[in-house]
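What follows is a set of notes on a single structure, which appears directly below.
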Amino acid sequence: MISSSHPACPHLLRDAGWLFIVLLLAGLWNLEGPEFWWDEGWTLSVARNFVERGHYGRLLDGQPAPYGLEASPVVTLPVAFMFQVFGIGLWQGRLPGVICAALAVAVVFVLAAQLHDRRIAWGTVAVLLLLPAHPQLNPLLIGRQALGEMPMLLLLAGGYLCLAGALRGRALWIFPAALLWSLALLAKAQTLPFWAASLAGGTLMALALRQWRAAVLVAAGAVLAYGARPWVMTLVMSPVAGRTLPGVEVSGIYEVTAFVPQFSNRLFALQMLLLGGVPTIAGLGYGAWRIVQDVRRGRRDDFVVLRAALLALAGSWLAWYALLSVGVPRYLFPAVFAAGIFTTVLLHDLSGGFRLGYVVRCLAAPLRERRLTRPGAGAWLATLLVAMAVPLTLLSYQRYYAEDDRAALRVAAYLNDATAPDALIETYESELHFLLHRPYHYPPDQVHVELNRRSLLGRETLIAYDPLAADPDYLVVGRFAAGNGLYAGAIAAGAFREVRREGRYVVFERVQ
Numbered sequence: 208m209i210s211s212s213h214p215a216c217p218h219l220l221r222d223a224g225w226l227f228i229v230l231l232l233a234g235l236w237n238l239e240g241p242e243f244w245w246d247e248g249w250t251l252s253v254a255r256n257f258v259e260r261g262h263y264g265r266l267l268d269g270q271p272a273p274y275g276l277e278a279s280p281v282v283t284l285p286v287a288f289m290f291q292v293f294g295i296g297l298w299q300g301r302l303p304g305v306i307c308a309a310l311a312v313a314v315v316f317v318l319a320a321q322l323h324d325r326r327i328a329w330g331t332v333a334v335l336l337l338l339p340a341h342p343q344l345n346p347l348l349i350g351r352q353a354l355g356e357m358p359m360l361l362l363l364a365g366g367y368l369c370l371a372g373a374l375r376g377r378a379l380w381i382f383p384a385a386l387l388w389s390l391a392l393l394a395k396a397q398t399l400p401f402w403a404a405s406l407a408g409g410t411l412m413a414l415a416l417r418q419w420r421a422a423v424l425v426a427a428g429a430v431l432a433y434g435a436r437p438w439v440m441t442l443v444m445s446p447v448a449g450r451t452l453p454g455v456e457v458s459g460i461y462e463v464t465a466f467v468p469q470f471s472n473r474l475f476a477l478q479m480l481l482l483g484g485v486p487t488i489a490g491l492g493y494g495a496w497r498i499v500q501d502v503r504r505g506r507r508d509d510f511v512v513l514r515a516a517l518l519a520l521a522g523s524w525l526a527w528y529a530l531l532s533v534g535v536p537r538y539l540f541p542a543v544f545a546a547g548i549f550t551t552v553l554l555h556d557l558s559g560g561f562r563l564g565y566v567v568r569c570l571a572a573p574l575r576e577r578r579l580t581r582p583g584a585g586a587w588l589a590t591l592l593v594a595m596a597v598p599l600t601l602l603s604y605q606r607y608y609a610e611d612d613r614a615a616l617r618v619a620a621y622l623n624d625a626t627a628p629d630a631l632i633e634t635y636e637s638e639l640h641f642l643l644h645r646p647y648h649y650p651p652d653q654v655h656v657e658l659n660r661r662s663l664l665g666r667e668t669l670i671a672y673d674p675l676a677a678d679p680d681y682l683v684v685g686r687f688a689a690g691n692g693l694y695a696g697a698i699a700a701g702a703f704r705e706v707r708r709e710g711r712y713v714v715f716e717r718v719q
């Protein structure tokens with residue numbers, strides 16, 4: 208078993224700094240190569256509009272439109288800042304995600320060292336980067352996209368690191384913790400229930416251990432963070448004050464993403480858990496068992512409270528994914544990331560402290576002694592967890608780092624060069640909105656909910672949208688619209704004729 212130690216701060220921060228630099232450089236490699244896709248397009252197009260036009264929102268038919276499907280301002284405004292500093296482009300838009308991913312792993316490295324020791328800290332880095340069998344569970348690969356997950360996880364992890372400082376005697380650290388948590392809640396709205404469960408779990412553990420100071424600190428952090436959200440949001444939005452349009456309410460989005468009890472989605476979520484979540488499940492189970500053992504043995508230091516809070520964060524997120532989420536693998540990612548320390552502790556204890564010789568002896572022992580001992584079973588479990596995950600992770604790295612998907616750039620270049628300046632382009636491929644220098648049109652946001660019922664829930668819903676209503680000159684169908692059949696009726700009716708194909712995109716011209 209391992210015990211908590213508190214390494215010398217300068218050396219720990221030095222190692223974290225070097226880790227950040229290495230991960231940042233790794234993330235920057237071929238940053239424009241991975242497929243540019245729908246979720247990124249909204250965020251980058253809003254950031255571009257803000258930099259070029261001073262309008263924080265989208266464009267529709269060349270005119271300012273409300274913001275909507277892009278990421279939170281906490282995520283989008285740093286992208287706009289990168290555009291202002293480095294120019295407008297795809298790698299610039301993805302740069303904040305890479306920075307956040309590298310920082311988040313470095314922060315978790317420091318947090319793991321505070322909770323345990325350096326061996327666990329370095330093991331946690333290895334677990335986070337080598338055990339996610341699915342690319343949507345890998346912080347480095349997720350960070351190479353303009354998404355909200357890595358900024359949110361960086362802010363959450365930073366808050367827990369500040370909480371660790373507060374629990375160790377520097378109570379004022381609870382204020383930066385609350386600020387970081389407020390920003391995390393604004394970065395991704397779905398963070399709120401799991402963060403609340405986390406701090407509730409930490410508070411209850413502190414009360415059960417009669418750690419009154421820790422209970423007050425954790426509860427105060429929760430109250431401060433939640434109560435400060437309106438003021439923090441006002442501060443975040445101050446650069447765009449007066450530069451937005453009123454948003455349009457969209458209903459039903461949580462019914463197709465967050466509360467989906469139907470059997471097919473539960474089965475899909477189970478498949479994803481078996482593919483990429485087994486180490487996380489095992490780590491959380493072991494973490495819960497260790498907390499119980501520590502309490503029974505009379506260990507009542509404040510870091511038991513912090514471990515309980517982290518366990519509640521990852522455990523509640525994992526439970527929601529298994530029981531209610533739509534099953535998209537990316538929705539599992541925060542739980543996998545938050546549970547990284549627990550998974551590492553499990554592998555550490557099963558492998559005798561990450562000792563290869565110990566593992567080899569324990570693997571061979573059942574063959575020699577013709578019986579399976581507890582150390583032997585542990586070594587076999589650790590070996591299986593690593594052997595099942597690492598090869599798939601390495602394949603993901605090979606694929607996503609070697610990928611050079613420029614189809615969106617080629618389609619946009621064709622439309623920008625080969626069409627009239629006032630040609631109206633109908634497309635729901637938002638990545639093209641970022642790249643086009645022509646007016647474009649797309650469905651209302653409510654249509655997105657109905658399309659999700661088709662693609663995510665498998666329901667053949669009626670889509671009340673006429674793609675000819677705006678009188679477009681061209682239509683572009685990519686992966687998103689093709690998968691939902693959004694424009695299938697108009698194409699089948701002969702309203703458009705195909706003029707070009709580029710990768711996953713098909714360009715149609717209006718038939719007059």
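So for the sequence shown, this note's numbering puts the first residue at 208; every next one is plus one.
Glycine residues also receive a C-beta, built at the ideal position from the N, C-alpha and C atoms.
- For leucine 658, no pairing in a beta bridge is given by DSSP.
- Scanning Gly696, Thr250 and Leu393 for the CA closest to the CA of leucine 361 turns up Leu393.
- Boundaries of the beta strand (DSSP E) harbouring valine 706: 703 to 709, taken from the DSSP string.
- Beta-bridge analysis with DSSP links glutamate 633 to His648 and Leu682.
- Scanning its chain for C-beta atoms nearer than 8 Å, with the 5 sequence neighbours on each side dropped, one finds around valine 718 the residues Gly701, Ala702, Phe703 and Arg704, in chain order.
- By the criterion of at least three beta-carbon pairs nearer than 8 Å, the region 328 to 339 is in contact with the region 597 to 609.
- For proline 453, no alpha helix (DSSP H) run applies, since DSSP gives it neither H nor E.
- Per the C-alpha coordinates, the member of Val654, Leu631 and Gln418 positioned closest to arginine 645 is Leu631.
- DSSP places valine 713 inside the beta strand (DSSP E), whose first and last residues are 712 to 717.
- The beta carbon of leucine 424 sits closer than 6 Å to those of Ala373 and Ile381, all from its chain and outside the five residues before and after it, given in chain order.
- The beta carbon of alanine 415 is closer than 8 Å to those of Val502 in its chain, skipping five residues each way along the sequence.
- One thing to note: histidine 262 has its Cβ within 7 Å of the Cβ of proline 271.
- Fewer than three Cβ pairs drawn from the region 610 to 628 and the region 575 to 584 lie within less than 8 Å of each other, which leaves the two stretches out of contact.
- Taking 8 Å as the upper bound for CB-CB distance, leucine 386 and alanine 328 are not in contact here, some 25 Å apart.
- When the beta-carbon positions are compared, alanine 620 and leucine 639 stay at least 7 Å from each other.
- Counting only runs of 3 or more residues that sit fully inside the region 456 to 484, no beta strand (DSSP E) segment turns up.
- In terms of Cα proximity to leucine 557, the closest of Ala609, Val317, Cys569 and Gly547 is Cys569.
- A straight line joining the alpha-carbon of asparagine 623 with that of leucine 642 spans about 9 Å.
- Counting along the chain, the unbroken alpha helix (DSSP H) around proline 598 starts and ends at 581 to 609.
- For the pair of segments examined, the region 437 to 453 was found not to touch the region 511 to 530: the number of CB pairs separated by less than 8 Å stays below three.
- Shown here, glutamine 352 sits in coil according to DSSP, grouped into three states, outside any helix or strand.
- For glutamine 270, the uninterrupted beta strand (DSSP E) segment begins and ends at 270 to 272.
- Apart from the 5 residues on each side of it in sequence, methionine 359 sits with its Cβ closer than 7 Å to the Cβ of Ala391, Ala394, Lys395 and Thr398 in its chain, given in chain order.
- Two segments are said to touch when three or more pairs of C-beta atoms, one from each, lie closer than 8 Å; by this definition the region 651 to 666 touches the region 454 to 464.
- The alpha-carbon of valine 312 is positioned some 7 Å away from that of valine 332.
- For arginine 617, the enclosing alpha helix (DSSP H) stretches over residues 614 to 625.
- In the structure shown, arginine 504 falls within a coil segment according to DSSP collapsed to helix, strand and coil.
- Residue environment: leucine 591 is assigned as exposed (fewer than 16 neighbouring CB atoms within 10 Å of its CB, all protein chains considered).
- Per DSSP, the beta-bridge partners of arginine 265 are Ala272.
- Counting the other Cβ atoms within 10 Å of the Cβ of glutamine 352 gives 16 or more, which makes it buried.
- DSSP, read as helix, strand or coil, puts tryptophan 244 in coil.
- Contact between methionine 289 and leucine 297 does not hold, since their C-beta atoms are separated by about 11 Å, which reaches or exceeds 8 Å.
- Sixteen is the threshold: since fewer than 16 other Cβ atoms of the shown chains lie within 10 Å of the Cβ of asparagine 237, the residue is exposed.
- Per DSSP, reduced to three states, the secondary structure at tryptophan 236 is coil, with no helix or strand assignment.
- Between glutamate 610 and proline 241, the CB-CB gap stays under 7 Å.
- DSSP, reduced to helix, strand and coil, places glycine 365 within a helical segment of the structure shown.
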